[in-house]
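Under my numbering, the first residue of the sequence shown is numbered 313, with each subsequent residue one higher.
Cβ atoms here follow ideal geometry from the backbone N, Cα and C, with glycine treated the same way.
Note that this is a predicted model, so its numbers are computed, not measured.
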Amino acid sequence: MRGRMRSSGTREGSRIRSCESGSIEMIEQLIKRALEAGFDKAGALDCSTIVLRPEVREACRKNTCGRYGTSWSCPPGCGSLDECAARIRKYSKGLIVQTVGKLEDEFDGEGMMAAAERHEQTFRRFAGELRGEYPNMLPMGTESCSTCDQCTYPDSPCVDPLGASSPMEAYGIMVSEVCRVNGMDYYYGKGTIAFTACFLLE
Ligand code: SF4
């Protein structure tokens with residue numbers, strides 16, 4: 313019977329709930345390294361729990377972020393939902409990472425931006441670190457890819473397909489759901505803001 317990884321941690325420590333034999337050390341190490349890299353929370357992602365929801369993907373069309381149709385990392389440039397599903401099906405193990413910022417109040421725009429920036433920088437740094445060990449990994453961030461000052465979409469192919477990262481929502485992933493089913497919180501209470509990303513490793 314195939315087991316499921318259930319491992320998560322914070323900067324204060326980590327805990328193991330259950331795990332496939334042979335994966336526990338790998339995931340423990342990755343969680344430790346993610347926290348050392350600067351994330352506030354990290355946990356195992358069982359890729360079989362990922363559900364791609366057309367309604368999440370459809371919300372991109374509203375273009376509230378202004379990136380719809382402007383990047384290879386976002387719809388429609390990142391491919392159809394079926395194409396995204398085919399990519400995700402290649403993976404079984406991954407990592408969820410989070411940055412949790414503290415806010416003075418709900419209008420603390422500077423605090424939100426600082427946490428977003430910290431998350432983005434940590435994400436990029438850690439993605440670069442993991443890439444050497446998992447050359448085929450699929451990183452999925454919080455925002456549209458910002459590797460280039462100006463995305464080449466749609467005039468010429470992506471200049472850095474390995475370095476590019478789509479937001480999880482672009483793949484139709486409901487972030488709160490994937491956190492919950494993998495034993496991670498999504499919301500850390502009043503006065504906080506949390507940014508979530510993931511790495512599909514192998
Ligand atoms: S790497 Fe550059 S070209 Fe590719 S998706 Fe990101 S911003 Fe666009």
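* Taking E395 as the reference, which of P473, T434, Y483 has the closest Cα? -> Per the Cα distances, Y483.
* Asked: Under three-state DSSP, which class holds G501?
  -> In the structure shown, G501 adopts coil according to DSSP, grouped into three states.
* Neighbourhood of L393 by C-beta, 7 Å cutoff - its chain only, sequence neighbours within 5 removed -> L364, P366, R369, G484
* Helix or strand or just coil, what does DSSP make of M449? -> M449 falls in the coil class under three-state DSSP.
* Taking all protein chains shown into account, decide if K414 is buried (16 or more other Cβ within 10 angstroms of its Cβ) or exposed. => exposed
* Quick one: does the C-beta of P473 sit closer than 8 Å to a heavy atom of the ligand SF4? -> At least one heavy atom of the ligand SF4 is nearer than 8 Å to the Cβ of P473, so yes.
* To do: Would you check if the segment 448-461 and the segment 490-502 touch, i.e. whether three or more CB-CB distances between them fall below 8 Å?
  => no
* To do: Reducing DSSP to helix, strand and coil, say where K374 ends up.
  => coil
* What's the call for V412, buried or exposed, on a 16-neighbour Cβ count within 10 Å? -> buried
* Distance, Cα to Cα, Y380 vs E429? -> Cα to Cα, the separation comes out at about 21 Å.
* For R401, the nearest candidate out of K374, K353, T361, C510 (CA to CA) -> T361
* T454: beta carbon under 8 Å from a heavy atom of the ligand SF4? -> Because no heavy atom of the ligand SF4 lies under 8 Å away, the Cβ of T454 does not count as near it: no.
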